[in-house]
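Taking the working numbering, the leading residue of the sequence shown gets 9, the next gets one more, and so forth. Ideal placement from N, C-alpha and C gives every residue a C-beta, glycine not left out. Since the model is a prediction, treat every value here as computed from it, not as a measurement.
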Amino acid sequence: MNYQECIDACLKCMTDCEYCLEKMIGKNSHNDCPHCCRECLDICDLCAKALARGSKYSAQYCELCAEICEWCAEQCAAHDHEHCQKCAESCRKCAEECREVAMKIAA
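And the structure:
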């Protein structure tokens, strides 16, 4: 099974979260941004690696990645900053791809 679209979504999300995290350093936040970005970029990295190597735990990584990405999207979308909005968009796309892959693997 080819997981390249999901891997690409994870890598894009990871880099957008890293950028958002960097831009939020020293700024006040009324929610879990930028903390969610750290969690999100870490799980996206793990998920992409698991998919690339065909880990038997790929479905579980994808499920957790989708859950964390959805949380991060919600947190970042609450901010008006362009980098937060971009991060939220990447997180939503990654969550969608991860859920789709997890369902395919489980089937």
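Nearest CA to the CA of residue i: which residue from the options?
| i | options | result |
| --- | --- | --- |
| Leu54 | Pro42, Cys70, Cys41, Cys44 | Cys70 |
| Lys20 | Ile51, Val109, His87 | Ile51 |
| Ala96 | Cys28, Tyr11, Glu13, Gln12 | Cys28 |
| Cys73 | Met9, Cys14, Asn10 | Cys14 |
| Asp88 | Lys35, Lys64, Arg107, Glu108 | Lys35 |
| Tyr106 | Ala86, Ala67, Cys92 | For the sequence presented, residue 106 should be read as Cys rather than Tyr. When only C-alpha atoms are compared, the closest one is Ala67. |
CB residue i to CB residue j, shorter than 7 Å?
| i | j | result |
| --- | --- | --- |
| Asp16 | Lys94 | no |
| Ala81 | Cys99 | yes |
| Glu78 | Ala103 | yes |
| Met9 | Leu49 | no |
| Cys84 | Ala56 | no |
In three-state DSSP terms, what is residue i?
| i | result |
| --- | --- |
| Lys64 | coil |
| His91 | helix |
| Ser121 | Nothing about residue 121 can be read from this structure; the chain reaches only from 9 to 115. |
| Ile33 | coil |
| Ala114 | helix |
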